[in-house]
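Step one of this worksheet: look at the structure below.
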Amino acid sequence: MNAATNQIEAIAEALAEAERHALPVPPPREMLPGLSVETAYQVQRAGMARRIGMLPHLNAVVPTQRDHAPTVVGHKVGVTSRAVQQWLGFDQPDFGVLLDSMQIPLGVPCPGSTLIQARIEAELAFVMRAALPRQGCTPADVLHATAYVLPALEVIDSRIADWNLTIVDTVADNASSAYFTLGHVPIDPRNLDMRLMGMKLTRNGEVAASGAGAACLGHPAKAVAWLARTLGAAGVEIEAGHIVLSGALGPVVPFLPGDVVSATLSGAGTVSLTREAGR
Amino acid sequence: MTTEHEGWARHLEAARRSGTLLGADDRPWTSLSVGDGYAVQSCGLAHRLAEGERLAGWKMGFTSLAKMRQMNLDAPIAGYLLASMDVPEGELDVTAYQHPKAEPEIVLRLKHDPGPTPDFLEASRAIESVCLGIEILDSRFAGYQFSLGEVLADDTSAAGYVLGSRWRAPDALDLGNLGILMSVDGVLVEAASSAAIMDHPVRALMALARLLDARGDQLAAGQLVLTGGITAAHPLPPGRHVVVEAQDLGSIMLSTRTGA
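Chains A and B are the protein sequences, given in the same order. With positions in the first sequence counted from 1, the corresponding number in this note's numbering is that position plus 576. With positions in the second sequence counted from 1, the corresponding number in this note's numbering is that position plus 42.
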């Protein structure tokens with residue numbers, strides 16, 4: 577179906593309002609019955625265009641004082657595990673955009689004022705040395721174009737009440753992204769078995785999740801190659817300097833006010849994030 | 043141990059020898075406590091050692107916190123391993139089993155007894171080397187339907203173990219966070235970390251030493267310790283190709299068949 581521009585804008589506005597006030601909304605599939613994955617990506621793009629064009633003082637996502645509108649710093653791949661694909665009834669990953677306003681610097685707590693029902697997951701982040709081919713990109717191309725990898729924590733959240741999602745709802749909602757933070761010791765991808773590396777995530781001192789690199793589509797670089805091909809088909813390039821969050825390496829866990837979470841990827845180091853105690 | 047425990051151990055041994063699965067009506071006991079379960083297990087071990095079998099080591103069960111909570115336990119459970127349960131890598135004739143399942147394991151070989159209540163450092167120092175393993179489970183109870191006391195009496199479903207060929211010193215490994223993968227017929231079915239074993243496999247060894255002390259046994263140099271399941275156990279009907287891999291510990295392949 578061809579959704580009218582005003583319908584797409586209306587959903588994007590509803591999701592943006594939900595985030596601004598930390599008040600969830602009904603699923604986009606109910607706002608626009610018959611919503612296709614393609615149209616959901618149009619909603620995502622409309623939402624990103626709003627945020628990028630937004631004046632800083634209007635952007636409630638910005639954690640600190642800012643003197644510029646948010647800029648694109650990379651991309652995320654989602655729905656990379658079999659468990660999540662089964663949950664959403666969708667046999668492919670999805671993707672979203674990463675803005676600099678979503679990145680939490682090392683040692684800074686994650687703000688809670690815009691979070692609704694946040695969860696957190698461990699991932700491997702790729703930082704690109706060179707642009708990725710838009711056509712036929714392979715995992716080998718990804719490894720070759722990667723400057724370094726870092727352990728990452730991604731805070732995901734849904735602006736849709738009770739995580740009542742199908743694939744189109746999360747796609748419209750920028751793949752349920754919220755914040756991310758990166759480790760600070762760059763790892764040469766040539767020295768890391770990113771398929772077999774273990775993942776251990778502790779929450780408030782207890783191991784809350786564990787997994788391995790292969791949990792992400794069999795190999796994290798496969799997820800990045802998929803993204804380069806998929807974005808490439810839409811005329812978008814993963815550029816030099818871009819960050820790519822490649823997908824969860826194990827189960828996702830709740831991220832509540834005051835939580836302290838650390839993820840260790842065997843051979844790639846540790847990354848930690850604390851959530852502010854208040855809202 | 044009582045004559046009742048002796049009799050119940052004989053009942054389970056007869057079931058094992060004849061390849062009979064025990065249903066709900068085939069239990070000579072009305073209920074089995076955890077204490078009863080361990081007592082029956084100890085009788086069974088004594089019988090098999092008297093028959094000339096050799097004790098190879100021990101195995102841990104319910105070592106994940108989630109599993110312990112699910113079973114309402116505050117500690118994992120333990121069983122024994124016999125040298126005759128050692129299965130070589132490669133082809134596996136599954137006619138010897140009733141309803142076998144496989145799961146990856148981190149296996150420790152002990153340099154010495156860490157003592158009855160070792161701390162983390164004492165337990166770590168007792169480990170000579172580490173390898174990847176596959177545990178073969180085969181309950182004597184139909185449909186794996188058992189109470190906690192019953193699974194303990196049945197030696198925690200122990201039936202076999204396959205050892206990888208790559209033994210490493212523990213300090214050469216990130217033992218508490220080794221990635222572990224399992225594929226069945228070429229499809230990745232599990233991607234896990236050794237962190238799922240009580241946060242660290244050494245903690246399973248610490249718990250084992252305490253459990254054995256409580257029942258009057260102890261660990262010894264050269265013994266193997268299977269530190270507990272990391273993933274779900276997957277069925278092993280004939281014609282399955284199972285590959286298990288672990289970070290820095292290589293891989294093990296198992297292909298199931300029937301007959302010679």
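For glycine and all other residues, C-beta sits at the position ideal for the given N, C-alpha and C.
Taking Cβ-Cβ distances shorter than 7 Å, what residues in chain A pair up with residue i?
i: E287 of chain B; result: L772
i: D221 of chain B; result: The residue asked about is misnamed: residue 221 of chain B is Gly in this sequence, not Asp. Simply L772, M773, G774, A788, G789, S842.
i: S236 of chain B; result: G774
Which residue from the options puts its Cα closest to that of residue i?
i: A588 of chain A; options: A:H597, A:Q620, A:P600; result: A:Q620
i: A288 of chain B; options: A:A790, A:A784, A:A721, A:V673; result: A:A790
i: N750 of chain A; options: A:H644, A:G854, A:V648, A:T581; result: A:V648
i: A66 of chain B; options: B:D259, B:G185, B:P277; result: B:G185
i: M240 of chain B; options: B:M295, B:D78, B:K101, B:S106; result: B:S106
i: L150 of chain B; options: B:T45, B:R167, B:F162, B:C173; result: B:C173
i: L190 of chain B; options: B:E93, B:A168, B:Y80; result: B:Y80
i: S60 of chain B; options: B:I176, B:T45, B:H283, B:R182; result: B:R182
i: A616 of chain A; options: A:Q711, A:R605, A:A625; result: A:R605
i: G843 of chain A; options: A:G826, A:K776, A:T690, A:G834; result: A:K776
i: G688 of chain A; options: A:R596, A:E813, A:T722; result: A:R596
i: R626 of chain A; options: A:A592, A:L611, A:A598, A:P602; result: A:A592
i: E177 of chain B; options: B:T45, B:I119, B:T269; result: B:T269
i: A108 of chain B; options: A:E782, A:D667, A:P602, A:A809; result: A:E782
i: E95 of chain B; options: B:E147, B:G281, B:A125; result: B:A125
i: R52 of chain B; options: B:L63, B:W71, B:R69, B:G86; result: B:G86
i: T581 of chain A; options: A:G629, A:T757, A:G808, A:Q618; result: A:Q618
i: I628 of chain A; options: A:P646, A:L611, A:G683; result: A:P646
i: W739 of chain A; options: A:A694, A:E852, A:D835; result: A:A694
i: A754 of chain A; options: A:K798, A:L793, A:F831; result: A:F831
i: L163 of chain B; options: B:V284, B:H242, B:A138, B:T273; result: B:H242
i: A816 of chain A; options: A:E614, A:A721, A:V684, A:T742; result: A:A721
i: V725 of chain A; options: A:A797, A:L611, A:R779, A:G811; result: A:A797
i: V828 of chain A; options: A:V812, A:L793, A:A784; result: A:A784
i: E93 of chain B; options: B:E55, B:R257, B:T72; result: B:E55
Which bits of chain B does residue i rub up against, with CB to CB less than 8 Å?
i: V783 of chain A; result: L107, A237, A238, D241
Counting only Cβ pairs nearer than 7 Å, list the residues of chain B close to residue i.
i: D769 of chain A; result: Q289
At 9 Å on the CB atoms, spell out the chain B contacts of residue i, in chain order.
i: G794 of chain A; result: L230, A233
So residue i and residue j are in contact, right, with Cβ under 8 Å, and what is the actual spacing, rounded?
i: L674 of chain A; j: G650 of chain A; result: 4 Å
i: P130 of chain B; j: L278 of chain B; result: That pair is no contact at about 15 Å.
i: L821 of chain A; j: P765 of chain A; result: So it is not a contact: roughly 15 Å between Cβ atoms.
i: K652 of chain A; j: G623 of chain A; result: Contact flag wrong, Cβ pair sits at about 14 Å.
i: S235 of chain B; j: S786 of chain A; result: 4 Å
i: V613 of chain A; j: A737 of chain A; result: Between A737 of chain A and V613 of chain A the Cβ distance is about 21 Å, and since that is not below 8 Å, they are no contact.
i: V226 of chain B; j: V284 of chain B; result: 6 Å
Mind listing the chain A neighbours of residue i? Cutoff is C-beta to C-beta under 8 Å, in chain order.
i: D213 of chain B; result: Within chain A, no residue comes near D213 of chain B; the closest Cβ sits about 15 Å away, beyond 8 Å.
i: D216 of chain B; result: G774, S842, G843
Which residues in chain A sit within 9 Å of residue i, going by Cβ to Cβ distance?
i: D68 of chain B; result: Simply none; closest approach about 37 Å.
Would you check whether the ligand FAD has a heavy atom nearer than 6 Å to the C-beta of residue i?
i: M624 of chain A; result: Looking at this structure, you won't find the ligand FAD or any other ligand, since it has none at all.
Count the C-beta pairs between the segment 194 to 213 of chain B and the segment 831 to 851 of chain A that are closer than 8 Å, then say yes if the count reaches three, no if not.
No, because fewer than three Cβ pairs between the segment 194 to 213 of chain B and the segment 831 to 851 of chain A fall closer than 8 Å, the two stretches do not touch.
Check whether the segment 675 to 682 of chain A touches the segment 789 to 809 of chain A, counting contact only when three or more Cβ pairs, one atom from each stretch, lie closer than 8 Å.
No, they do not touch.
With a threshold of 8 Å, are at least 3 pairs of Cβ atoms found where one atom belongs to the segment 87 to 107 of chain B and the other to the segment 225 to 236 of chain B?
Contact fails: fewer than three Cβ-Cβ distances are below 8 Å.
Is it true that the segment 185 to 197 of chain B meets the segment 71 to 85 of chain B, where meeting means three or more beta-carbon pairs spaced less than 8 Å apart?
The answer is yes - the segment 71 to 85 of chain B touches the segment 185 to 197 of chain B, with three or more Cβ pairs under 8 Å.
I'd like to know if the segment 725 to 743 of chain A and the segment 695 to 702 of chain A are in contact, where contact means that at least 3 CB-CB pairs between them fall below 8 Å.
Segments in contact, yes.
Measuring CB atoms only, is the segment 289 to 297 of chain B touching the segment 108 to 125 of chain B, in the sense that at least three cross pairs come out at less than 8 Å?
No: the two stretches stay apart, fewer than three of their Cβ pairs being nearer than 8 Å.
May I ask you to verify whether the segment 702 to 713 of chain A touches the segment 741 to 755 of chain A, counting CB pairs closer than 8 Å and requiring at least 3?
Too few Cβ pairs lie closer than 8 Å, so no.
Identify every run of the beta strand (DSSP E) within the segment 654 to 702 of chain A, keeping only runs that are complete inside it and at least 3 residues long; order them along the chain.
With a minimum length of 3 residues, the continuous beta strand (DSSP E) runs that stay inside the segment 654 to 702 of chain A are 670 to 675.
Ignoring anything shorter than 3 residues or poking outside the segment 45 to 105 of chain B, list the beta strand (DSSP E) runs there in chain order.
Entirely contained in the segment 45 to 105 of chain B, the beta strand (DSSP E) runs reaching 3 residues are, in chain order, 97 to 103.
Any contact of the segment 218 to 225 of chain B with the segment 770 to 786 of chain A, i.e. 3+ C-beta pairs under 8 Å?
Cβ pair count under 8 Å is three or more, so yes.
Return the chain-ordered ranges of every beta strand (DSSP E) run that is complete within the segment 727 to 814 of chain A and spans a minimum of 3 residues.
Under the rule that a run must span 3 or more residues, the beta strand (DSSP E) segments found entirely inside the segment 727 to 814 of chain A read 753 to 758, 774 to 779, 782 to 788.
Counting Cβ pairs closer than 8 Å, one from the segment 256 to 267 of chain B and one from the segment 153 to 168 of chain B, do we hit at least three?
They touch, by the three-pair rule.
Counting only runs of 3+ residues fully inside the segment 231 to 273 of chain B, write out the beta strand (DSSP E) ranges in chain order.
Qualifying beta strand (DSSP E) stretches, in chain order: 266 to 268.
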